[in-house]
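Data block below; observations after.
Protein chains: 2
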Amino acid sequence: MLSGDTPINFVDHVGIAVHDTRAALRHYTDRLGLRLVGDEEAAEPGVRLTYLDAGNTFLQLVQPLRDGPVAAFLRESGEGLHHVCLNVDHIDRALQQLGATSPAGVFRGGRGRRACFLAEEPNGVLLELAERDRRP
Amino acid sequence: MLSGDTPINFVDHVGIAVHDTRAALRHYTDRLGLRLVGDEEAAEPGVRLTYLDAGNTFLQLVQPLRDGPVAAFLRESGEGLHHVCLNVDHIDRALQQLGATSPAGVFRGGRGRRACFLAEEPNGVLLELAERDRRP
Chain H
1 MLSGDTPINF
11 VDHVGIAVHD
21 TRAALRHYTD
31 RLGLRLVGDE
41 EAAEPGVRLT
51 YLDAGNTFLQ
61 LVQPLRDGPV
71 AAFLRESGEG
81 LHHVCLNVDH
91 IDRALQQLGA
101 TSPAGVFRGG
111 RGRRACFLAE
121 EPNGVLLELA
131 ERDRRP
Chain L
1001 MLSGDTPINF
1011 VDHVGIAVHD
1021 TRAALRHYTD
1031 RLGLRLVGDE
1041 EAAEPGVRLT
1051 YLDAGNTFLQ
1061 LVQPLRDGPV
1071 AAFLRESGEG
1081 LHHVCLNVDH
1091 IDRALQQLGA
1101 TSPAGVFRGG
1111 RGRRACFLAE
1121 EPNGVLLELA
1131 ERDRRP
């Protein structure tokens, strides 16, 4: 857990955009031996989210279930690393402390938590904030 | 720490390709408040590596110092998420257990550790293995 002048606690997960969760899982579970610890559909963003326990954080496979930002990412860039999600205690306070904005606003993300994406993408890195919950 | 049928211990770091470390650090340290915990030049891959403590893992900024794979990545894709590094006890045993290969072979990576990149990039994700060392 970090301390000092940051609201960031830890890396909650690393998001990977995929076309087909089932095909992707074959690699991550069967080949790499990672354990599947969550599989859900997040209605609001319209994505299937699966979580793999990577020891100190999760790898999250994100498959779009309808058109939207992740489907657009796949069209433009293909499958690959999509975002890094940072755990914070309180999204609103974290946004204020970071001087950050989230134009699309807060949504109910994976594992039932409040989450948002940041407008600013430092060095091309899409950042998400998610509240509380524990790391693996 | 994972157990069972995987040689993977945890996510050592998430690599981010950048053109200019100094400019990138302004965001990660000044804006996000992450602590810089390492800054080095890795001679063999020819990159500057800086490490930011993200609580449970590191964010690693990778700036190429000469032409090579990271410079090529920047030309093709621009700055952004570049790879995920997985910590293992022994690279050779891990490669064998994973049925994986590393055509470019083992090199002396950041923080003086033996490291290698895997040939196979599942769902467009470049994976690195690095030996031992501790997470933050």
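Here the protein sequences come in this chain order: H and L.
So for the first sequence, this note's numbering puts the first residue at 1; every next one is plus one.
So for the second sequence, this note's numbering puts the first residue at 1001; every next one is plus one.
Every residue gets a Cβ at the ideal spot worked out from N, C-alpha and C, and that includes glycine.
What you are looking at is a predicted structure, and each value in this text was computed from that prediction instead of being measured.
Helix, strand or coil at residue i according to DSSP, with G and I counted as helix
| i | result |
| --- | --- |
| L52 of chain H | strand |
| R132 of chain H | coil |
| P1064 of chain L | strand |
| A1043 of chain L | coil |
| L74 of chain H | helix |
| D89 of chain H | coil |
| L158 of chain H | Since the first and last residues shown for chain H are 1 and 136, residue 158 of chain H lies out of range. |
| G124 of chain H | helix |
| D1012 of chain L | strand |
| R1113 of chain L | coil |
| D1030 of chain L | helix |
| A1119 of chain L | coil |
| P1007 of chain L | coil |
One or two residues paired with residue i in a DSSP bridge
| i | result |
| --- | --- |
| G1099 of chain L | None, per the DSSP bridge assignment. |
| G80 of chain H | H:A17 |
| G38 of chain H | H:Y51 |
| L59 of chain H | H:V14 and H:L52 |
| R108 of chain H | H:R114 |
Contact list for residue i against chain A, beta-carbon separation under 7 Å
| i | result |
| --- | --- |
| T6 of chain H | The structure shown has no chain A; the protein chains it does contain are H and L. |
Same chain only: Cβ atoms within 8 Å of residue i, ignoring 5 sequence neighbours per side
| i | result |
| --- | --- |
| T29 of chain H | R35, L36 and L52 |
| H82 of chain H | G15, I16, A17, V62, V70, F73 and L126 |
| I1008 of chain L | L1002, L1086, N1087, V1088 and A1094 |
Amino acids of chain L, ordered along the chain, whose beta-carbon sits closer than 7 Å to that of residue i
| i | result |
| --- | --- |
| I16 of chain H | N1123 and V1125 |
Beta-carbon proximity list for residue i, same chain, < 7 Å, skipping 5 on both sides
| i | result |
| --- | --- |
| R1048 of chain L | T1021, E1041, Q1063 and L1065 |
| G1105 of chain L | C1116 |
| E44 of chain H | F107 and R108 |
| L1120 of chain L | Residue identity differs from the one stated: residue 1120 of chain L is Glu in this sequence, not Leu. So the list reads A1100, once near-sequence residues are dropped. |
Chain H residues whose Cβ lies nearer than 9 Å to that of residue i
| i | result |
| --- | --- |
| V1084 of chain L | V14, I16, A54, L59 and L81 |
Beta-carbon neighbours of residue i, restricted to chain H and to distances below 8 Å
| i | result |
| --- | --- |
| F1010 of chain L | A54, G55, N56 and T57 |
| A1142 of chain L | Residue 1142 of chain L lies beyond the range of chain L shown here (1001 to 1136); nothing can be said about it. |
| H1090 of chain L | Correct list: empty, because the minimum Cβ distance to chain H is about 15 Å. |
Interface residues of chain H facing residue i [CB-CB closer than 7 Å]
| i | result |
| --- | --- |
| L1098 of chain L | R31 and L32 |
Chain L residues whose Cβ lies nearer than 8 Å to that of residue i
| i | result |
| --- | --- |
| Y51 of chain H | Those within 8 Å of Y51 of chain H in chain L number zero; the least Cβ separation is about 13 Å. |
| G78 of chain H | G1124 |
Chain-ordered neighbours of residue i on chain L, where CB pairs are closer than 9 Å
| i | result |
| --- | --- |
| L2 of chain H | G1033, L1034, R1035, D1053, A1054, G1055 and P1136 |
Cβ-based neighbour list, residue i, same chain, cut-off 6 Å, excluding 5 preceding and 5 following
| i | result |
| --- | --- |
| L1129 of chain L | L1086, V1088, I1091, A1094 and C1116 |
| G1046 of chain L | L1065, R1066 and G1068 |
| A100 of chain H | L118 |
Inter-stretch contact (C-beta, 8 Å, three-pair minimum) for the segment 1113-1125 of chain L and the segment 9-26 of chain H: yes
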